[in-house]
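Data first, discussion second: the structure below is written as structure tokens.
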Amino acid sequence: EPEVTQTPSHQVTQMGQEVILRCVPISNHLYFYWYRQILGQKVEFLVSFYNNEISEKSEIFDDQFSVERPDGSNFTLKIRSTKLEDSAMYFCASSEGTSGREETQYFGPGTRLLVL
Amino acid sequence: DAKTTQPPSMDCAEGRAANLPCNHSTISGNEYVYWYRQIHSQGPQYIIHGLKNNETNEMASLIITEDRKSSTLILPHATLRDTAVYYCIVRVGDDKIIFGKGTRLHILP
Chain A
1 EPEVTQTPSH QVTQMGQEVI LRCVPISNHL YFYWYRQILG QKVEFLVSFY NNEISEKSEI
61 FDDQFSVERP DGSNFTLKIR STKLEDSAMY FCASSEGTSG REETQYFGPG TRLLVL
Chain B
1 DAKTTQPPSM DCAEGRAANL PCNHSTISGN EYVYWYRQIH SQGPQYIIHG LKNNETNEMA
61 SLIITEDRKS STLILPHATL RDTAVYYCIV RVGDDKIIFG KGTRLHILP
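For the protein sequence lines, the chains are A and B, in the order given.
If you use this note's numbering, the first sequence corresponds to residues 1 to 116, in order.
If you use this note's numbering, the second sequence corresponds to residues 1 to 109, in order.
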């Protein structure tokens, strides 16, 4: 069964460093998403991406964040200068984008980011 | 904010049916009811969704009331591996998912 994959599973970085989180969405999917979950809190939407551009972003997704689909299979989230409060689980999701009102998002296993 | 209301926690004996309720009294006519679960910090796992008819798949059944203001997710024979946080979500199309706090389901041996 096709699934969303994410790398790395864990990332430790120093405050101020850049990190890139990688996702491989399900191959025929057209919509891509990033969510995050700070420990003990709710899963929060960050950004959605369709047709090579951002379709929606939350208040969390400020200028320090960017997304890219560098090739036909990868979808990346870059945090330019990490802060302590960026420590969280980051989940990638994808959906087909062809089912109209009925779109199911499938999530990857997540990347646990720890900023020291 | 999430458009659904769920009990914060529930217990269920292993082997019994787990019935998880959800209220979504402000659901719009074109919004679907989706259920996901999250097992201890893993990625949310899709379970089932429906519009107005009851639905069943290999994981669960979804019962939606006729007025669509509430629904129940049924896990027919709960196992210890079903211990998770269960999220009831209403959405349409490619909308982002707004997660609430969900119901923490404990399966008791």
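Cβ atoms here follow ideal geometry from the backbone N, Cα and C, with glycine treated the same way.
Euclidean distance between Cα positions of residue i and residue j
{"i": "B:V33", "j": "B:L51", "result": "6 angstroms"}
{"i": "A:S95", "j": "A:V47", "result": "14 angstroms"}
{"i": "A:C92", "j": "A:T104", "result": "13 angstroms"}
{"i": "B:A84", "j": "B:I39", "result": "5 angstroms"}
{"i": "A:E18", "j": "A:R80", "result": "5 angstroms"}
{"i": "B:D11", "j": "A:P70", "result": "46 angstroms"}
{"i": "A:H10", "j": "A:L113", "result": "6 angstroms"}
{"i": "B:T26", "j": "B:K3", "result": "7 angstroms"}
{"i": "A:S55", "j": "A:Y106", "result": "18 angstroms"}
Any chain B beta carbon closer than 8 angstroms to residue i
{"i": "A:Q105", "result": "yes"}
{"i": "A:Y33", "result": "yes"}
{"i": "A:S48", "result": "yes"}
{"i": "A:R36", "result": "no"}
{"i": "A:V43", "result": "yes"}
Closer than 9 angstroms at the beta carbon, the chain D residues around residue i
{"i": "B:I27", "result": "Within the model displayed, chain D is absent; protein chains A and B are what it includes."}
Exposure of residue i, with buried meaning 16 or more beta-carbon neighbours within 10 Å
{"i": "B:A13", "result": "exposed"}
Cutoff 8 angstroms: residue i Cβ touching any chain A Cβ
{"i": "B:K120", "result": "Within the shown structure, residues of chain B are numbered from 1 to 109, placing residue 120 of chain B beyond reach of any answer."}
{"i": "B:N30", "result": "yes"}
{"i": "B:H3", "result": "For the record, residue 3 of chain B in the displayed sequence is Lys; it is not His. It does not: the Cβ of B:K3 has no partner Cβ on chain A nearer than 8 angstroms."}
{"i": "B:V92", "result": "yes"}
{"i": "B:G15", "result": "no"}
Using a beta-carbon distance cut-off of less than 9 angstroms, what residues from the segment 36-67 of chain B approach chain A?
Y36, Q38, S41, Q42, G43, P44, Q45, Y46, H49, L51
Using a Cβ-Cβ cutoff of 8 angstroms, what residues of the segment 70-87 of chain A are near chain B? List them in chain order.
none
Within 9 angstroms of chain B by C-beta, residues of the segment 51-70 of chain A in sequence order:
S55, E56, S58
Can you list, in chain order, the stretches of the beta strand (DSSP E) that have 3 or more residues and sit fully within the segment 6-92 of chain B?
9-13, 18-23, 32-38, 45-50, 61-64, 70-75, 84-91
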